[in-house]
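Numbering (this note's numbering), first residue to last: 2 to 361. Each remark here refers to the structure printed beneath this line.
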């Protein structure tokens, strides 16, 4: 790939697809926030019901499991059961919002909003992918030749990976946390980093260009999911399930349990480490072919290596007694922050061999 003829019609379609993708992502975010709030409200109703029943002297022996869906987590915020614990006795004397039928209906409504959010995410991903493909076809090259294109590709990989992982109803409450940074990154890219579709600069015309950038992009997308999962884990451990307090307690209430979030962060980091590391290695091979040396301590190279090392430290810390848990999670969050710093600050502010932002 690689020519100097730009198909302006395809370029215009790509730009329109970008705008459409951002709009659909915003709709998905809005619906996911409604779902998040409904899960919280259903959980609160369940807790208030339990307190009311306890004060009325209803013992555990009078309770049974009443099915309310396939593990939405909205009823008792539980990730280990597909049911919500409700008393079977006549509850007509309780306020309507504490009655079993009302809570079950609220959970089912929350599930519907979660399903709509999931569908909108997949639609947004399809439009997003079309935008990237059209950009590449318009330019006759791989569509990640400047910072605007790189951000669109990284966020696309992050969303595909997230959508593949966030399938079950019990974890759909994660969508606001995952969509917010993606929407913010795309909005910033579209308003501050946008570059017209153009041929790639000569220094990027290499067979290693698509291999290096695509591998780093996939690794960064996985790292984004891992880092955000650790961030949610830290909030959940600070506000334990059933003991949430204050504003942050309300924010934490719908989240899955800490163990599930920690496990997700770990499982994705296990993949982020080798994939991102391969991207760094491919970049070194390309550097040797282009500049006659594998490593030159260019700012981008250096911070990429730091990011990779932080992921390695996180995985080691999580397997080390005394470090697993919150300490290890903070390392993962720092790795994610370092990756974002490398994406923006290094490309936009620091001068180096990787200054291909396309902002000038």
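Here a beta-carbon is modelled for each residue, glycine too, at the ideal position from N, C-alpha and C. The model shown is predicted, which means the values in this text are computed figures rather than measured ones.
In the three-state reduction of the DSSP assignment, residue 264 falls in the helix class, which pools H, G and I. For residue 294, the three-state secondary structure derived from DSSP is coil. Taking C-beta atoms under 8 Å as the contact rule, residue 190 and residue 149 qualify, at a distance of about 5 Å. The C-alpha of residue 116 lies about 8 Å from the C-alpha of residue 173. It is roughly 10 Å from the alpha-carbon of residue 10 to the alpha-carbon of residue 138. When DSSP assignments are scanned along the segment 124-168, the uninterrupted stretches of alpha helix (DSSP H) that are 4 or more residues long and fall wholly within it turn out to be 148-166.
Taking 8 Å as the cut-off, the beta carbon of residue 276 is found no closer than this to the beta carbon of residue 229.
In this structure the segment 223-238 does not touch the segment 194-203; the number of beta carbon pairs closer than 8 Å is below three. Per the Cβ contact rule, the segment 260-276 is not in contact with the segment 296-305 (fewer than 3 Cβ pairs under 8 Å). Between the alpha carbons of residue 180 and residue 159 lies a distance of about 10 Å. Exposure of residue 202 is indicated by the presence of fewer than 16 other C-beta atoms within 10 angstroms of its C-beta. Residue 208 counts as exposed, since fewer than 16 other beta carbons sit within 10 angstroms of its beta carbon. Residue 305: member of the alpha helix (DSSP H) spanning 300-319, first to last residue. Per DSSP, the continuous alpha helix (DSSP H) segment holding residue 219 begins and ends at 209-239. Shown here, residue 339 sits in a helix according to DSSP, grouped into three states.
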